[in-house]
Amino acid sequence: MIERVLLDMDDVLLDTTGACLRHMGVKGFNILFDYPIAERDIYVAYNCLTRLTLPPYVFWEHFKREFWASIPKKSTHSELIALCMGFVGSDNIAICTTPTKCGDCLAGKLDWIQRYFPEYMQRQYIMTPRKFFCASPTTVLIDDDEETIEKFRWAKGLGIVYPAPWNENREHMADPMPFIKSELDKCQAAC
Ligand SMILES: [Mg+2]
Numbered sequence: 004m005i006e007r008v009l010l011d012m013d014d015v016l017l018d019t020t021g022a023c024l025r026h027m028g029v030k031g032f033n034i035l036f037d038y039p040i041a042e043r044d045i046y047v048a049y050n051c052l053t054r055l056t057l058p059p060y061v062f063w064e065h066f067k068r069e070f071w072a073s074i075p076k077k078s079t080h081s082e083l084i085a086l087c088m089g090f091v092g093s094d095n096i097a098i099c100t101t102p103t104k105c106g107d108c109l110a111g112k113l114d115w116i117q118r119y120f121p122e123y124m125q126r127q128y129i130m131t132p133r134k135f136f137c138a139s140p141t142t143v144l145i146d147d148d149e150e151t152i153e154k155f156r157w158a159k160g161l162g163i164v165y166p167a168p169w170n171e172n173r174e175h176m177a178d179p180m181p182f183i184k185s186e187l188d189k190c191q192a193a194c
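Here the sequence shown stands for residues 4 to 194, numbered as in this note's numbering.
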């Protein structure tokens, strides 16, 4: 049986890449069609779309606490939480997210959790760049970053790569929930 589910925030529960690019002035961006590269790094995508060459530390300086506190939810946000809750119950879900190196990001993510998550989830979060420290054979991490999932699996956790243009499951982007449900069923069968 799956005992716990960890949910990534950026580009799993929240439309972070779209919000970042819009914040930087990229107009009419649609992640289904307009993401220009195969890599995960948003600043590289930004440079490619704008033909600029901003280094990452300059790019990320544009994102202050209020930006991180007000990123829009993905349309699948509530459905994803409800699906996971059906597997493990509300006590056994936690948000697991990696802030940037900037303190504003860490604080803004906490603001977001307190503003928008239901009350029962407001103390169920883990902020870490070392998600694999949370791995166990009955814990599932849902995350859009393949490398993070690889490390989590290496540490004996169960991982689901959430569909995004920069990962192997991009074909499920337009309708990710049936795919996530079938992956959770596979994890359940494997436990
Ligand atoms: Mg993410």
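Backbone N, C-alpha and C fix where the C-beta goes; we use that ideal spot for every residue, glycine too.
Beta-bridge partners of Thr-142 (DSSP): Arg-7. Assignment of Ala-192 by DSSP, reduced to helix, strand and coil, places it in the helix class. Between Lys-112 and Val-15, the gap from beta carbon to beta carbon reaches 9 Å or more. For the 9 Å CB-CB criterion, Ala-192 and Gly-160 do not form a contact.
For the pair Thr-100 and Ile-129, the Cα-to-Cα distance works out to about 6 Å.
Thr-79 has its CB no nearer than 8 Å to any heavy atom of ligand 1. CA-to-CA, the gap between Trp-157 and Thr-103 works out to about 24 Å. DSSP, read as helix, strand or coil, puts Ala-167 in coil. Per DSSP, the unbroken alpha helix (DSSP H) holding Met-88 starts and ends at 80-91. Boundaries of the beta strand (DSSP E) harbouring Tyr-128: 128-130, taken from the DSSP string.
Minimum Cα-Cα distance from Pro-166 among the listed residues Glu-153, Ile-183, Glu-150 and Tyr-38 corresponds to Ile-183. Using a Cβ distance threshold of 9 Å, Cys-105 and Glu-64 count as a contacting pair. A direct Cα-Cα distance of roughly 23 Å separates Leu-83 from Phe-136.
Put simply, of Arg-7, Met-4, Asp-11 and Ile-5 the residue whose alpha carbon is nearest the alpha carbon of Ile-152 is Asp-11. Here Phe-36 is exposed, its C-beta having fewer than 16 other C-beta atoms within 10 Å.
A residue is called buried when at least 16 other Cβ atoms come within 10 angstroms of its Cβ; Ala-48 meets this threshold and is buried. If you look at Ile-96, you'll find it in the beta strand (DSSP E) that goes 96-100.
Rounded to whole angstroms, the separation of the alpha carbons of Thr-53 and Gln-125 is 37 Å. Between Asp-94 and the set Tyr-123, Asp-188 and Thr-19, the nearest pair of CA atoms involves Tyr-123.
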